[in-house]
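Following the working numbering, the numbering of the sequence shown begins with 278 at its first residue and continues without gaps. Written out below as structure tokens is the structure these notes cover.
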Amino acid sequence: MTKVLVVDDEPNILLSLEFLMEQAGFTVFTAEDGETALQKIHELDPNLVLLDISLPGISGFDVLAELRENERFQHLPVIMLTAHGREVEREKGMALGADDYITKPFSTQALVQKVKNLLHTG
278 MTKVLVVDDE
288 PNILLSLEFL
298 MEQAGFTVFT
308 AEDGETALQK
318 IHELDPNLVL
328 LDISLPGISG
338 FDVLAELREN
348 ERFQHLPVIM
358 LTAHGREVER
368 EKGMALGADD
378 YITKPFSTQA
388 LVQKVKNLLH
398 TG
């Protein structure tokens, strides 16, 4: 069972990503903010995290930084999601240790392929 945690504060995006990942054969969990995301990561030990940058409270960048500082999660694949697509955000995400980056609106096929590539399942 491959577990994917989807973190986004926009209900429509959360639902569509959840559906997309389930269709791709993954077991999906969701979180709507950074604090919940960190709790679920510790509880569920997911195989991959789709992480929105703009979250209420703790930002996606802060969640990523915390994961990379924790030995247990240093190698957890993280794909950052952003509505902005600004180069500076992409660079910051990659510098903090993101494995990949996708800009909304995104191609569903491209996202599924990135997830499968990082999980070495496709």
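Beta carbons: idealized from backbone N, C-alpha and C, even for Gly. None of the values given here were measured: they were computed from a predicted structure.
Alpha carbon to alpha carbon, how far is P288 from H319? Give it in angstroms, no decimals.
23 Å
A360 and V340 - do their beta-carbons sit closer together than 7 Å?
no
Cβ neighbour criterion (16 or more within 10 Å) applied to D322:
exposed
Quick check on DSSP: helix, strand or coil for D339?
helix
Hey, out of V392, L373 and A372, whose CA is closest to I379's CA?
V392
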